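**Student:**
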Amino acid sequence: MRSPRCRVPWVILALAAGLAATCAWFGAAVDGRLSPGGVVPAATEAARADRLLREGFASAPPHLVLVTRVSGATRSVEDRAAAAEGDRLVRQLSADRSVAQVVSYWQAKAPSLRSADRRSALVLVRLHGREQEATAAAGRLVPRMAGRHGPLQVEVTGEAASRAEALRLAGRDQIRAELLALPLTALLLLVVFGSALAALLPVAVGVLAVLGAQAVLRLLTFCTEVAVSATNISSALGFALAVDYSLFLLARYQEEAAAGAEPGAALRAALRTAGRAVLFSAGMVILSLASLLVFPHTILRSIAYGGIAVTAFAALAGLVVLPALLTVLGPRVHRPGVLTRRRRRIRTGPHSGSRAAGLGRWGRMARAVQRRPGLVAVSVTAVLLLLATPFTRVQIGLFDDRVQPASSTVAKAGTVLRHDYRLGAVITPATVVLPHFDPRQHAAELDAYARRVSLQKSVERVETATGSYTRGVHTPPAGTAASAFASPRGVWLAVATPGEPYSPANRDLARTLRGLPAPAPVLVGGPGAVLDDVQRALLSRLPWCLLLAGATLLSLTLLLTRRPVMALTALLLNALSLAASFGALVFVFQEGHLAGLLGGFPVTGTTDVLMPALIFGIAFGLSMDYEIFLLARVCEEYERAPDAATAVVRGLDRTARLFTWAALTLAVVMAALATSDLVMLKIIGVGLALAVLLDATVVRGLLAPAVLALAGRVAWWSPWPRPSAPVPQPLTQRRPLAGPAGTKHPRSDP
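Quick note on numbering: the sequence shown equals residues 640 to 1389 in this note's numbering.
In structure tokens form, the structure reads like this:
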């Protein structure tokens, strides 16, 4: 009969299986409740202007733009066959319950809705409902409208079409990334452990973490908006962290077992040492992601929610479910799989083989670094600063339709619009709303204000209820045009601008319009105002984000090491590696270098304003993950090593190979994410992969031991007295270790 203690692992596994099944069932419907973006905070002026326009005015900017182009024998959109097909499209759209208004060239006969060569014309569509309802309607309408319609080839773009396409691509990309990441990760782990069963354990932990995060995200959709990108990023992050945590726990378990410990004792030793590091590491990642919650942008908060949930589940599964699996499986975990010829173990402990002076290649490298620490520190720092240099050329912007895949209807329509039409005049003008302003009673004040607006730099034309204005010259309104800009909710001005919608010039114009004297309070919207508001909201909270991330991670590192200089050094090295990653991202994605190696992507010459903050929030904690494992082992070795230099060498020797493999598997997972057709996910995948690879190899392998050697005894100074009770040590490692030459030396405790 089994004792109650023997039944505990089976109970844990049964509960874990039940939790996984429940989370899989509940989280399966999360995709239908996600929003596409959430870039603009709801309380900003641009967002309020957009809501007022959509709800109160018949001539608000459209949600969808159908770009129709004649083909074949048809020469002009005014030909009878093309006009008849255009009218049919308008009737079909008007009959849809989601459509509020349709304006086409064939109805309005406005020259701005037809190209100069007369071979293309526009159909502008406004939809009912708020952003999510309009996006859902666009997702249904775009596939029906795009394609060949008689003599017309139709492509669809617009704000709602871009959001719907992003939702579709995100769902498809997540499936593709998971199908790529799972087998590649398992294959890498098979190489690491030499055991098929051991290789599958981190994958199982990752699946449990991802299922749990999906369920949490769906739960959050009942009380807040959650962006679709949160599921893609949390899935990739979950697999990466599951591999990290499982790799270090399994490696320490194998090390203790190789030293002769019984399975139970080996597992307890692994949990006391590597398990403690896993707990601190998870805290690091969670607190780093929590720093994104200070921002009001839905997309940043959503990714923080998903990342925090998946990190917590990964740590819980690694510290509870993985030990239960190891207890149940026992020695079978080390049994070679069918694809391995011989049993291999990760060489992490002093009992792993007869190597010169008990050190592997990483330990010998650390010894070499300690002989020339100044040269190594200066050289590596110079290289990292050189990599960071392109970030000084960063040009801030926002993602637009140009980041869609070239094959999508949104990208094709956007190309035609930029070539044949004035985008900032017809589709994305700057908007100025005067709420509760009566243009009939105050026509003179509105006329004077519109003239002032038309005289501003970067303004081509202004249209409002009193007419059209070009460089101060007034043209009276034609027909019913005046009523399109006025309603019981107030009046608005459409301000035509040249160039790209989210350009710095349009941002500066929005700032100018907000400071321009007006006859009543105004709300300035449009792309330039959106860029300005998003950037202001980000910059106003950025110091708090940096302070929260830095202070909390410094506190946790200090709690782990009890040595202030060592903790501060770890924080500074992490910041240096992140700066290098940011520079590389500008070099690649803003300036377009090496695009061919990454499968190609549109180069807009700008960096999305949210990307640096987003990558910082994820990568800062993820990079500290490796620092925690290194410092935890270094401090552990310091409790037994003859001197500080030996502690660093042995700590690096026992962990470097582990976090190098962990970084490689994480890079594989992030490379799978980078196969996305969405440029945002591609940037995040490449940025995180680059950050962790730099951190795990160059920074932790070379720079960290060099800086610790230069700091000398100062790095090991602690203002707190050492604990009266000794730090618990694994049973197999309580005996003192010999120094490099095989002789015991006295501790050089500062």
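Ideal Cβ positions, reconstructed from N, Cα and C, are used throughout, including at glycine.
Since the structure is predicted, the reported quantities are computational estimates derived from the model, not experimental observations.
Contact defined as beta carbons within less than 8 Å: I believe Ala1149 pairs with Val1163. What is the distance between those atoms, to the nearest angstrom?
**Tutor:** 5 Å
**Student:** One question on the structure: do Leu1073 and Ala1159 come within less than 8 Å of each other, judged by their Cβ atoms?
**Tutor:** yes
**Student:** Do His788 and Leu728 have their beta-carbon atoms positioned less than 8 Å apart in this structure?
**Tutor:** yes
**Student:** Does the Cβ-Cβ distance between Ala963 and Ile651 come in under 8 Å?
**Tutor:** yes
**Student:** Leaving out five residues on either side along the sequence, give the residues of the same chain with a beta carbon under 6 Å from the beta carbon of Ala1345.
**Tutor:** Val1008, Pro1012, Val1015 and Ala1016
**Student:** Under 8 Å by Cβ, that's how I've got Ala866 and Ile938 pegged, so tell me the actual separation to the nearest angstrom.
**Tutor:** So it is a contact: roughly 4 Å between Cβ atoms.
**Student:** Shortest alpha-carbon distance to Val679 belongs to which of Gly671, Arg690 and Leu1210?
**Tutor:** Selection Gly671, Arg690 and Leu1210 evaluated against Val679 yields Arg690 as nearest (Cα-Cα).
**Student:** Is the beta carbon of Leu1341 less than 8 Å from the beta carbon of Val1019?
**Tutor:** yes
**Student:** Would you kindly check if the distance between the Cβ of Val849 and the Cβ of Val960 is under 8 Å?
**Tutor:** no
**Student:** For Asn871, tell me which candidate among Trp664, Leu1085, Leu673 and Pro1182 has the shortest Cα-Cα distance.
**Tutor:** Leu673
**Student:** If you count every other CB in all the chains shown that lies within 10 Å of the CB of Ser1363, and 16 or more means buried, which is it?
**Tutor:** Below a pLDDT of 50, predicted positions are generally treated as unreliable, and Ser1363, at 44, falls in that range; no measurement from the model is reported.
**Student:** Taking only runs that begin and end inside the segment 748-797, name each unbroken alpha helix (DSSP H) of 4 or more residues, in chain order.
**Tutor:** The qualifying runs are 770-784.
**Student:** The beta strand (DSSP E) with Arg1153 in it runs from where to where?
**Tutor:** Where Arg1153 is concerned, there is no enclosing beta strand (DSSP E), although the alpha helix (DSSP H) it sits in stretches over Pro1143 to Gly1154.
**Student:** Between Leu1270 and Leu1199, which are expected to be in contact by the criterion C-beta below 8 Å, what is the C-beta distance as a whole number of angstroms?
**Tutor:** 6 Å
**Student:** Express the C-alpha separation of Pro1137 and Ser1391 in angstroms, rounding to a whole number.
**Tutor:** For the chain, the structure presents residues 640 to 1389; residue 1391 sits outside this window and is missing.
**Student:** Quick one: grab the DSSP three-state call for Ile925.
**Tutor:** helix
**Student:** How do the segment 1300-1308 and the segment 1220-1233 stand: do at least 3 beta-carbon pairs fall below 8 Å, yes or no?
**Tutor:** These segments do not touch.
**Student:** Can you give me the start and stop residues for the beta strand (DSSP E) that Ser743 sits inside?
**Tutor:** Val738 to Ser743
**Student:** Given that a residue counts as buried once 16 or more other Cβ atoms are within 10 Å of its Cβ, and exposed if not, what is Arg982?
**Tutor:** Its pLDDT being 43, under 50, Arg982 is placed unreliably in this model, and the coordinates cannot settle the point.
**Student:** For the pair the segment 761-769 and the segment 700-708, tell me if three or more CB-CB distances fall below 8 Å.
**Tutor:** They touch, by the three-pair rule.
**Student:** Please identify the residue among His1075, Cys1184, Trp664 and Ala755 whose C-alpha is closest to the C-alpha of Leu858.
**Tutor:** Looking at the Cα atoms, Trp664 is the closest of the given residues.
**Student:** First and last residue of the beta strand (DSSP E) that includes Tyr621?
**Tutor:** Lying before the first or after the last residue shown, residue 621 is absent from the chain, which here runs from 640 to 1389.
**Student:** From this set, Ala869, Arg779 and Ala1168, which residue's C-alpha is nearest Arg736's C-alpha?
**Tutor:** Arg779
**Student:** For Leu1132, name the three-state secondary structure that DSSP assigns.
**Tutor:** Strand at Leu1132.
**Student:** Quick one: what does DSSP say Arg1057 is sitting in, helix, strand or coil?
**Tutor:** helix
**Student:** Can you tell me where the beta strand (DSSP E) holding Arg857 begins and where it ends?
**Tutor:** Where Arg857 is concerned, there is no enclosing beta strand (DSSP E), although the alpha helix (DSSP H) it sits in stretches over Ala835 to Leu859.
**Student:** Can you name, in chain order, every residue of its own chain whose Cβ lies under 8 Å from the Cβ of Ser715, other than the five neighbours on each side?
**Tutor:** Val709, Ala721, Arg757 and Arg758
**Student:** Would you mind stating whether Leu806 and Trp1131 have Cβ atoms separated by less than 8 Å?
**Tutor:** no
**Student:** Relative to the alpha-carbon of Leu1094, which residue among Tyr1108, Asp1147 and Thr713 has its alpha-carbon at the smallest distance?
**Tutor:** Tyr1108
**Student:** Kindly confirm or deny that the segment 1249-1268 and the segment 1310-1327 touch, where touching means at least three C-beta pairs closer than 8 Å.
**Tutor:** yes
**Student:** In the DSSP assignment, the alpha helix (DSSP H) including Glu694 goes from what residue to what residue?
**Tutor:** Looking at the DSSP string, the run of the alpha helix (DSSP H) that includes Glu694 is Glu684 to Gly695.
**Student:** Going straight from the alpha carbon of Pro790 to that of Val706, what length do you get?
**Tutor:** 13 Å
**Student:** Count the other CB atoms within 10 Å of the CB of Ala1310; is the residue buried (16 or more) or exposed (fewer)?
**Tutor:** buried
**Student:** Whether or not the segment 1029-1042 and the segment 1079-1098 are in contact is what I'm after, with contact meaning three or more pairs of Cβ atoms, one per stretch, closer than 8 Å; do they touch?
**Tutor:** no
**Student:** Just curious, the alpha helix (DSSP H) that Arg1296 is in, first and last residue?
**Tutor:** Ala1283 to Leu1312
**Student:** Please report the Cβ distance between Lys638 and Leu1237, rounded to the nearest whole angstrom; I am assuming they are in contact, meaning their Cβ atoms lie under 8 Å.
**Tutor:** This structure does not reach residue 638, given that the chain is present from 640 up to 1389, and the question cannot be answered.
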